[in-house]
Amino acid sequence: MKLNRFFSAIIVFAVFVSISACNVSTSGDAGTADSATAADRQVAIEQAAASIVAQTLTAGAPTITQTPQPPLESFTPTATPTVTLAPTSEIVTLVVAKDTYCRQGAPVAAFKSVVIIKSGQLVEVLARNRENDSFYVKNPYEDNSACWIYGKEFVLDGNAEGLKFATLQPTSTPTRTPTPNANFTLTYSSLVDCGASKYAFKLYIQNVGATPWHYISITGSDTVTGFAINHTSNFFDQYSGCSTMNPQDAVIGGDDTYAMNVNPGEFNYNPTGNLINLNVKLCTLDNAQGICVTKPISFTP
Numbered sequence: 004m005k006l007n008r009f010f011s012a013i014i015v016f017a018v019f020v021s022i023s024a025c026n027v028s029t030s031g032d033a034g035t036a037d038s039a040t041a042a043d044r045q046v047a048i049e050q051a052a053a054s055i056v057a058q059t060l061t062a063g064a065p066t067i068t069q070t071p072q073p074p075l076e077s078f079t080p081t082a083t084p085t086v087t088l089a090p091t092s093e094i095v096t097l098v099v100a101k102d103t104y105c106r107q108g109a110p111v112a113a114f115k116s117v118v119i120i121k122s123g124q125l126v127e128v129l130a131r132n133r134e135n136d137s138f139y140v141k142n143p144y145e146d147n148s149a150c151w152i153y154g155k156e157f158v159l160d161g162n163a164e165g166l167k168f169a170t171l172q173p174t175s176t177p178t179r180t181p182t183p184n185a186n187f188t189l190t191y192s193s194l195v196d197c198g199a200s201k202y203a204f205k206l207y208i209q210n211v212g213a214t215p216w217h218y219i220s221i222t223g224s225d226t227v228t229g230f231a232i233n234h235t236s237n238f239f240d241q242y243s244g245c246s247t248m249n250p251q252d253a254v255i256g257g258d259d260t261y262a263m264n265v266n267p268g269e270f271n272y273n274p275t276g277n278l279i280n281l282n283v284k285l286c287t288l289d290n291a292q293g294i295c296v297t298k299p300i301s302f303t304p
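For our numbering, add 3 to where a residue sits in the sequence shown, where the first one is 1.
Structural data, given as structure tokens:
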């Protein structure tokens with residue numbers, strides 16, 4: 004299309020040139036005025052031809068029309084709500100059901116007592132042993148102090164499986180050097196008036212072996228009245244009069260304790276002057292399990 008228009012412009016220009024040529028006089032007698040007129044006419048024709056060519060070319064040039072574009076969509080960011088997780092407590096606690104020794108290590112066979120944790124006391128648990136029968140806890144009565152609880156009567160709260168394992172350190176050298184076998188000594192101490200016509204004897208027991216004792220049984224009778232005595236326990240209680248306090252889970256090697264025929268086993272009369280025959284049995288595990296040693300004792304209160 005552009006080429007045709009260009010050629011058309013050339014043809015128009017040629018026609019005008021031809022016309023202008025025809026209008027030029029060839030006779031020699033034309034005067035100077037005629038020559039000037041002819042020259043002016045020639046200039047006018049050339050200008051007209053140039054104008055036509057320019058218009059033709061301009062008309063042939065394509066007109067660029069910009070197609071309006073739709074406006075870009077503006078993106079407005081939407082804030083994503085932050086998910087707030089409910090805090091999960093990682094603290095593990097326990098409550099002891101009765102007064103319990105908290106020791107330097109566990110099991111209790113090789114470690115000394117640090118403090119007695121009272122019944123109902125809530126304590127924070129820091130670690131456990133691999134057997135899951137001992138727990139390393141904060142001392143609730145002293146800052147920057149911790150100890151081991153080994154026992155049966157406490158209630159855990161929290162994920163105990165998530166507790167780290169603690170490596171137990173060897174205990175210090177005991178004040179007494181126990182013999183390597185399971186053994187104990189037994190001595191009569193006194194007769195105690197419990198009030199309300201109740202009486203009980205007190206025995207002194209010393210662990211002279213290396214094995215801890217966890218169970219005690221006292222059986223026997225008054226040889227005069229025939230009163231039967233039967234006392235068993237998985238704990239070794241301390242006493243104030245005939246009232247129990249500060250129970251021990253075990254009597255470790257080199258340690259000692261007292262035993263009484265109370266709750267159950269008290270005399271309901273005063274046995275003073277009567278011969279009492281007893282058998283005292285200690286075992287290394289609860290409920291008369293493990294290694295057991297029985298020793299007889301006779302005395303007259």
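We put the beta carbon where it would ideally sit given N, CA and C, even for glycine.
Can you give me the Cβ contacts of residue i inside the same chain, cut-off strictly under 6 Å, excluding the 5 residues immediately before and after it?
i	result
PHE114	ARG106, GLN107, GLY108 and THR174
VAL140	VAL126, VAL128 and ILE152
THR29	Below a pLDDT of 50, predicted positions are generally treated as unreliable, and THR29, at 45, falls in that range; no measurement from the model is reported.
PHE238	PRO250
ASP240	THR247 and PRO250
LEU88	For LEU88, the pLDDT reaches just 37, beneath the cut-off of 50, and the residue's location in the model is therefore unreliable, although a value from the coordinates is still provided. Result list for LEU88: empty, nothing under 6 Å.
ALA291	TYR218
VAL227	ASN277
PRO304	LEU194, PRO274 and THR275
SER220	THR235 and LYS284
ARG131	PHE138 and LEU166
LYS201	GLU269
GLY31	A caution first: GLY31 carries a pLDDT of 45, below 50, which makes its placement in the model unreliable, though a value can still be read off. Nothing listed; no residue qualifies.
So what does residue i bridge to, in DSSP terms?
i	result
PRO304	Answer is none; PRO304 lacks a bridge partner.
ASP225	ILE279
TYR261	TYR207
ILE232	GLY223
PRO299	ASN282
ILE120	THR103
LEU166	Per DSSP, none; premise fails for LEU166.
TYR218	CYS286
PHE239	GLN251
SER192	DSSP, once it has assigned bridges, lists no residue as partnering SER192.
GLY244	Paired residue(s): none; GLY244 is not in a bridge.
GLY256	GLY256 pairs with nothing; no bridge assigned.
PHE187	ASN210
Excluding five sequence neighbours on each side, which residues of the same chain lie with their C-beta closer than 7 Å to the C-beta of residue i?
i	result
ALA185	GLY212, THR214, THR287, ILE294 and VAL296
ILE94	GLU127 and GLY161
LYS101	SER122, GLU156 and PRO250
ARG133	PHE168
GLY223	ILE232, ILE279, ASN280, LEU281 and ASN282
TYR144	VAL118
ASP289	HIS217, TYR218 and ASN237
I need the boundaries of the beta strand (DSSP E) containing residue i, first residue and last residue.
i	result
GLU127	125-131
TYR272	Neither: TYR272 is in no beta strand (DSSP E) and is coded neither H nor E.
SER200	SER200 -> no beta strand (DSSP E), and no H or E assigned at all.
LEU278	No beta strand (DSSP E) contains LEU278, which DSSP labels as neither H nor E.
TYR104	103-106
ALA149	149-153
TYR139	137-141
ASP160	157-160
THR99	One point to set straight first is that residue 99 is Val, not Thr, in the sequence displayed. Looking at the DSSP string, the run of the beta strand (DSSP E) that includes VAL99 is 95-99.
Between residue i and the rest of its own chain, which residues show a CB-CB distance below 8 Å, the 5 nearest in sequence each way excluded?
i	result
LEU189	LEU206, TYR207, ILE208, VAL283, LYS298 and ILE300
ASP259	TYR207, ILE208, GLN209 and ASN210
VAL99	ILE120, LYS121, SER122, GLY123, GLN124, VAL126, ILE152, GLY154, GLU156 and PHE157
LEU97	LEU125, VAL126, VAL128, PHE138, VAL140, ILE152, PHE157, VAL158, LEU159 and ASP160
CYS197	ALA203, GLY244, CYS245, VAL265 and GLU269
ASP225	ILE232, PHE270, PRO274, ASN277, LEU278 and ILE279
THR85	The pLDDT assigned to THR85 is 41, lower than 50, so where the model puts this residue is not dependable; a value taken from the coordinates is nonetheless given after this. Taken in chain order, the list of residues that qualify is empty.
Consider the Cβ of residue i: report whether some Cβ of chain D lies at a distance smaller than 7 Å.
i	result
GLY123	Of the protein chains in the structure, only one exists, and it is not chain D.
>> When you compare the region 293-300 with the region 261-277, are there three or more beta-carbon pairs, one atom per stretch, that lie closer than 8 Å?
In response: Taking one beta carbon from each stretch, the region 293-300 and the region 261-277 have fewer than 3 pairs nearer than 8 Å; the two do not touch.
>> I'd like to know if the region 226-239 and the region 263-273 are in contact, where contact means that at least 3 CB-CB pairs between them fall below 8 Å.
In response: Contact holds: three or more Cβ-Cβ distances are below 8 Å.
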